[in-house]
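Under this note's numbering, the first residue of the sequence shown carries the number 29, and numbering increases by one thereafter. All C-beta atoms in this analysis are idealised placements derived from N, C-alpha and C, irrespective of residue type, glycine included.
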Amino acid sequence: MKPSEMWQLVHVGRPAPPYGVRALARCYSIEDLARLARRRLPAGALGYLDGGGEDEWTLRRNRGAFAELEILPRVLADVSTVDTTASVLGATLPVPIVLAPVGAPRLFHHEGELAAARAARGAGIPYGISTLSTQPLEAVAAATDGPLWFQLYAWGDRGLSKELVQRAHAAGYRALLVTVDSTVRSHRERELRHGIVLPTPNLTPRTVLDGARHPRWAWRFLTSSALGFPNLSMSGPISHTRLSDMFDGSLTWEDLRWIREVWPGPVVLKGVLRAGDAKRAADEGVAGVVVSNHGGRELDHSAATVDVLPEVVDAVGDRIEVFVDSGIRRGTDILAALALGARAVLVGRAYLYGLAAAGEPGVRYAIDILSEELRVAMALSGVATIADVGRDLVRRIRP
Ligand SMILES: Cc1cc2nc3c(=O)[nH]c(=O)nc-3n(C[C@H](O)[C@H](O)[C@H](O)COP(=O)(O)O)c2cc1C
Numbered sequence: 029m030k031p032s033e034m035w036q037l038v039h040v041g042r043p044a045p046p047y048g049v050r051a052l053a054r055c056y057s058i059e060d061l062a063r064l065a066r067r068r069l070p071a072g073a074l075g076y077l078d079g080g081g082e083d084e085w086t087l088r089r090n091r092g093a094f095a096e097l098e099i100l101p102r103v104l105a106d107v108s109t110v111d112t113t114a115s116v117l118g119a120t121l122p123v124p125i126v127l128a129p130v131g132a133p134r135l136f137h138h139e140g141e142l143a144a145a146r147a148a149r150g151a152g153i154p155y156g157i158s159t160l161s162t163q164p165l166e167a168v169a170a171a172t173d174g175p176l177w178f179q180l181y182a183w184g185d186r187g188l189s190k191e192l193v194q195r196a197h198a199a200g201y202r203a204l205l206v207t208v209d210s211t212v213r214s215h216r217e218r219e220l221r222h223g224i225v226l227p228t229p230n231l232t233p234r235t236v237l238d239g240a241r242h243p244r245w246a247w248r249f250l251t252s253s254a255l256g257f258p259n260l261s262m263s264g265p266i267s268h269t270r271l272s273d274m275f276d277g278s279l280t281w282e283d284l285r286w287i288r289e290v291w292p293g294p295v296v297l298k299g300v301l302r303a304g305d306a307k308r309a310a311d312e313g314v315a316g317v318v319v320s321n322h323g324g325r326e327l328d329h330s331a332a333t334v335d336v337l338p339e340v341v342d343a344v345g346d347r348i349e350v351f352v353d354s355g356i357r358r359g360t361d362i363l364a365a366l367a368l369g370a371r372a373v374l375v376g377r378a379y380l381y382g383l384a385a386a387g388e389p390g391v392r393y394a395i396d397i398l399s400e401e402l403r404v405a406m407a408l409s410g411v412a413t414i415a416d417v418g419r420d421l422v423r424r425i426r427p
């Protein structure tokens with residue numbers, strides 16, 4: 029072979045990075061995005077993103093429970109085309125993934141919700157925005173024609189909650205997620221240690237130094253509009269004490285009735301871990317439940333979601349849609365969740381790492397990683413469609 033012919037056997041140069049973003053070039057997994065995010069964020073914002081309640085048993089258990097599941101692939105099934113489309117609350121999604129609502133995402137990237145909403149739209153999946161969003165719910169709706177869900181934290185003053193729900197409906201949000209696992213504010217020590225008092229970090233010599241070590245983040249933070257919770261601005265400036273009005277522990281099943289009256293679309297309860305509660309929710313007429321422990325951020329020692337998912341599915345899966353979140357980082361996690369009966373998964377930190385790493389393209393890339401991993405996991409498991417994914421596909425390593 030002539031030396032000139034040898035060049036035809038190799039590629040010269042690096043492949044184009046995802047979405048043209050150089051920083052993403054060496055990220056192949058959500059954990060790679062997490063590593064990049066951890067470099068970019070100051071300790072306070074990172075503690076808020078990564079942290080969990082108290083000793084973080086549940087946070088760790090969320091991953092541990094997935095690690096204890098094993099997949100039993102089928103062989104010689106034709107998987108030359110794999111179809112990941114799924115039906116979620118009456119809509120057909122290209123993949124059964126929803127971006128979970130998170131408060132204050134502008135702490136991770138200056139575009140916050142707008143970046144996440146656009147990325148979700150690009151991927152054709154729903155984006156849930158939080159009551160504690162850092163962009164007004166109307167601005168997020170104006171920035172995208174993709175499907176949006178609104179997440180409600182109900183105020184002690186129910187009038188304010190009603191107003192919020194009505195605004196979300198008027199702005200075109202399609203589903204209402206009512207979060208029920210955050211009765212009072214939980215103890216998150218990583219946030220306290222790093223001076224995170226939402227919505228604004230405490231200015232102390234330590235947080236200033238922390239910001240100085242992350243000049244790109246600090247510059248964006250200081251040159252963007254002040255961080256706040258604009259959905260709540262009609263009720264005056266929001267403070268730590270005012271947030272405690274929201275998490276006053278007074279929400280009951282009675283509230284679900286007026287919520288359903290005010291919201292004409294599907295209502296989904298987020299944060300259910302017991303089959304009995306899921307049954308009661310179905311009796312009350314909700315369209316779905318999210319089996320969730322809030323990503324391990326609320327009650328420490330609460331059950332890992334994949335541990336209780338089958339019980340909830342057995343109790344209500346034939347009546348309402350059952351979703352799951354908390355700890356999903358891989359396509360195989362999504363496959364396992366579907367096998368245990370989930371209709372779709374919500375992902376929180378997985379896309380937030382992408383957001384912190386590279387804004388909108390980073391979120392889009394996180395969704396692409398999970399979607400592609402799911403497609404490959406399905407093919408290697410011998411399932412060509414979501415309907416083929418059954419409970420026989422997974423079992424617990426230690427029964
Ligand atoms: C930084 C952060 C903020 C969150 N804020 C909210 C919120 O405002 N409302 C809510 O219902 N859930 C909130 N969650 C929980 C997520 O909606 C979701 O349940 C959780 O992130 C799923 O776990 P995962 O992060 O392991 O995917 C938040 C999660 C994170 C990581």
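Below 8 Å on the Cβ atoms is my guess for residue i versus residue j; work out the distance and round it to an integer in Å.
i      : j      : result
VAL319 : VAL340 : 5 Å
LEU380 : PRO133 : 7 Å
ALA384 : PHE136 : 4 Å
PHE257 : ARG213 : Actually they are not in contact, since the Cβ atoms of PHE257 and ARG213 sit about 14 Å apart, beyond 8 Å.
LEU11  : PRO129 : With the chain covering only 29 through 427, there is no way to say anything about residue 11.
GLN194 : VAL290 : 6 Å
ALA147 : ILE395 : 6 Å
ALA144 : VAL391 : 5 Å
ARG149 : THR172 : 4 Å
ALA93  : ALA332 : 4 Å
VAL417 : LEU337 : Going by Cβ atoms, the distance from VAL417 to LEU337 rounds to 13 Å, so no, they are not a contact pair.
So for residue i, helix, strand or coil by DSSP?
i      : result
TYR393 : helix
TYR181 : coil
VAL295 : strand
GLY387 : helix
THR382 : A small correction: the amino acid at residue 382 is Gly; Thr does not occupy that position in the sequence shown. Correct three-state label for GLY382: helix.
GLU98  : strand
VAL422 : strand
PRO45  : coil
VAL168 : helix
THR413 : strand
THR207 : strand
TYR56  : coil
GLY277 : coil
VAL126 : strand
GLY156 : strand
LEU176 : strand
VAL340 : helix
ILE224 : strand
GLU139 : coil
LEU250 : helix
GLN36  : helix
LEU231 : coil
Per DSSP, what are the beta-bridge partners of residue i in this structure?
i      : result
SER115 : THR120
PHE351 : VAL318 and ALA372
VAL107 : For VAL107, which the question treats as bridged, DSSP gives no partner whatsoever.
GLY300 : The amino acid occupying residue 300 in the given sequence is Val; Gly does not appear at that position. Answer is VAL319, bridged to VAL300.
Review point. Are the stretch 103-112 and the stretch 402-422 touching, with three or more C-beta to C-beta distances below 8 Å?
Key: Between the stretch 103-112 and the stretch 402-422, the count of C-beta pairs closer than 8 Å reaches three or more; the two stretches touch.
Check your understanding: Okay, do the stretch 345-360 and the stretch 370-390 touch, 3+ Cβ pairs below 8 Å being the bar?
Key -> In this structure the stretch 345-360 lies against the stretch 370-390, because at least three pairs of beta carbons, one per stretch, are closer than 8 Å.
Review point. Any chance the stretch 75-86 sits against the stretch 412-426, with 3 or more Cβ pairs inside 8 Å?
Key: Counting Cβ pairs under 8 Å, fewer than three are found: no touch.
Review point. Given 8 Å as the limit, is there contact between the stretch 308-319 and the stretch 63-78, that is, 3 or more CB pairs closer than that?
Key: Contact check between the stretch 308-319 and the stretch 63-78: fewer than three CB pairs, one atom from each, fall below 8 Å, which does not count as touching.
**Study point:** Touch test, the stretch 153-160 against the stretch 178-193, Cβ-Cβ under 8 Å, three pairs minimum
**Key:** The stretch 153-160 makes contact with the stretch 178-193, as at least three CB pairs between them are under 8 Å.
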